[in-house]
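Chains as they are written, first to last, in this note's numbering: chain A, 1 to 216; chain B, 1 to 216. Read through the structure below, which is laid out as structure tokens, and then see the notes.
There are 2 protein chains.
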Amino acid sequence: MSHETPSARRPGRPRSATADRAILDAARAAIAESGWAGVTLGGVAARAGVAKTTLYRRWPGKNELVLDALADLFDSLRLPDHGSLARDVEDVVLQFAGLLREPRTRGALMAVLAEAAHDAALRERIRVSIVARQKHLVRQGRERAQTRGELPAEPDAAAAERNADMVFDVIAGAVLHRLLVSAEPVTAAWAAAFATLLTRGLAALTDPAGQDPAAQ
Amino acid sequence: MSHETPSARRPGRPRSATADRAILDAARAAIAESGWAGVTLGGVAARAGVAKTTLYRRWPGKNELVLDALADLFDSLRLPDHGSLARDVEDVVLQFAGLLREPRTRGALMAVLAEAAHDAALRERIRVSIVARQKHLVRQGRERAQTRGELPAEPDAAAAERNADMVFDVIAGAVLHRLLVSAEPVTAAWAAAFATLLTRGLAALTDPAGQDPAAQ
DNA sequence: GGGTTACGCTACGGCCCGTAGCGTAAGTCA
DNA sequence: TGACTTACGCTACGGGCCGTAGCGTAACCC
């Protein structure tokens, strides 16, 4: 996943790709069954039919393993073209909420985020394997919206990047907060209302007559 | 904190209020020093000058203790009146980000949320001691904005409640996500842009000509 | 074959959890 | 004052999991 692909083949016995997949599958299963607290590296190893030491040879600890096991989940997100930005956002929001429908998956994700709060290396790992990997959705949506004329073009690249980050934080943050802290479901109605709020607000934000766009 | 206040004085030796405060202070200190993983109930007890058993007599476990230790932090949030909804939102966003400036505080909060994902009792505890206790800020802001004429009045109470929940999720979610997942600071410029996005979007959302407000 | 790396297995020290048991301290009530 | 009730401090314990060390074996390259 985030391991170096041995471009130059090294001598010695190669790592078993089968074991890699077995371990990640076992980790996902363990998460689904017993949540974060229920995941023990010993248990994952046993379930994967692998020695515990093999596990420690590949991942520094529980956080990194679970993160890798979760990262793939988000790769299934797609931005369909419904003809309007709001509809597209609504669709992606529902997809995202669907991925986190399982409470234990939510728990595992949050736990990793929690550890990241005081672990810079883990934070970087998250940034690479989840955030950066999904940010293309935001860029894609913006391009479409600008082509449609729904959103004005940003004055410069820096402003465009700031707005993309903002959109990402607002979407992912709102959905996570609703599911996890408020503990209420993301329904179609909620997604529609949220998409309206976001797209209207975004139009105002990008509008040059909107506010002072003082850079950070 | 969330214990029953002994309205009718019971017989026997009363619980030491001093110990309660000492334990919560010790827990906060432990969080600040070593983050979630570093908090051990044994350690907290020792630091508080209290027997470990005393701790277990009052809190079911680590989650509940840390939650109680964190809940007070949010009570300092205030909604100042700057004359415009956007400015008020901006102010509160900066306050909120300020509370979470300390990475270890963020970690402790996130860890509690993570556990809550698969612990309904803890979820309820969070809902009561944090979410419900701070939601008055949203209601207050809405009332002011409607008095000022910045926002239209909602058609009915249910719609008003839905919007309030939405605002809460968007604000808290976006700030948390930016600080924790994106790992970028909440600057004054970011807060201003976010406040613009939210207030403009909210105006569109509440606008009767906005979209179909199909209830959930 | 020799060299190199990965694997499975076992065993271990260490830390922390959560509880039990006991004697003692601090209150209430008669 | 003395009986009663509840909280406290202390010690001890079984149990679980962590993360590592050591060893023999398996797979791959030259």
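For glycine and all other residues, C-beta sits at the position ideal for the given N, C-alpha and C. Values in this document were obtained by computation on a predicted structure and should not be read as measured data.
For this session: Give the secondary structure of lysine 54 of chain A by DSSP, where H, G and I count as helix, E and B as strand, and everything else as coil.
Result: One detail in the question is off: residue 54 of chain A reads as threonine in this sequence, not lysine. Of the three classes helix, strand and coil, the one that applies to threonine 54 of chain A here is helix, per DSSP.
For this session: Provide the residue span of the alpha helix (DSSP H) that contains histidine 136 of chain A, from first to last.
Result: 132-148
Exercise. Helix or strand or just coil, what does DSSP make of glycine 12 of chain B?
Worked result: coil
Exercise. With 8 Å set as the bound, which would you pick, yes or no: does the beta-carbon of valine 181 of chain B sit closer than that to a beta-carbon of chain A?
Worked result: yes
For this session: Could you pull the start and end residues of the alpha helix (DSSP H) that glutamate 184 of chain B belongs to?
Result: That residue, glutamate 184 of chain B, is in no alpha helix (DSSP H); it is neither H nor E in DSSP.
For this session: Starting from the N-terminal side, write out each stretch of the alpha helix (DSSP H) that is 4 residues or longer and does not extend beyond the segment 155-202 of chain A.
Result: 157-176
Exercise. Given valine 170 of chain B, which residues of its chain have a CB within under 7 Å of its CB, disregarding the five upstream and five downstream residues?
Worked result: Leu198
Problem set entry | Contact set between valine 131 of chain B and chain A, taken where Cβ atoms lie within less than 8 Å | Val181 and Ser182
Exercise. How long is the line joining the alpha carbons of lysine 160 of chain A and threonine 54 of chain A, rounded to whole angstroms?
Worked result: The sequence shown places alanine at residue 160 of chain A, not lysine. About 44 Å.
For this session: Would you tell me roughly how many angstroms separate the C-alpha atoms of threonine 18 of chain B and arginine 178 of chain B, rounded to the nearest one?
Result: 38 Å
For this session: Check distances from the C-beta atoms of the segment 56-75 of chain A to those of chain B and list, in chain order, the residues that come in under 8 Å.
Result: none
Exercise. Since phenylalanine 194 of chain A meets chain B, which of its residues come closer than 8 Å, beta carbon to beta carbon?
Worked result: Met166 and Val170
Exercise. Under a CB-based cut-off of 8 Å, is alanine 114 of chain B close to chain A?
Worked result: yes
Exercise. What's the gap between the Cα of glycine 83 of chain A and the Cα of leucine 79 of chain B?
Worked result: 39 Å
Problem set entry | Residue span of the alpha helix (DSSP H) that contains leucine 94 of chain A, given as start and end | 85-99
Exercise. Mind checking histidine 136 of chain B: buried by the 16 CB within 10 Å criterion, or exposed?
Worked result: exposed
Exercise. Taking Cβ positions, are arginine 142 of chain A and alanine 164 of chain A nearer each other than 8 Å?
Worked result: yes
For this session: Could you check if glycine 173 of chain B is buried or exposed, using at least 16 other CB atoms within 10 Å of its CB as the buried criterion?
Result: buried
Exercise. So which of A:Asp20, A:Met110 and A:Arg125 has the shortest CA-CA distance to tyrosine 56 of chain A?
Worked result: A:Asp20
For this session: May I ask which residues mark the beginning and end of the alpha helix (DSSP H) holding glutamate 115 of chain B?
Result: 103-116
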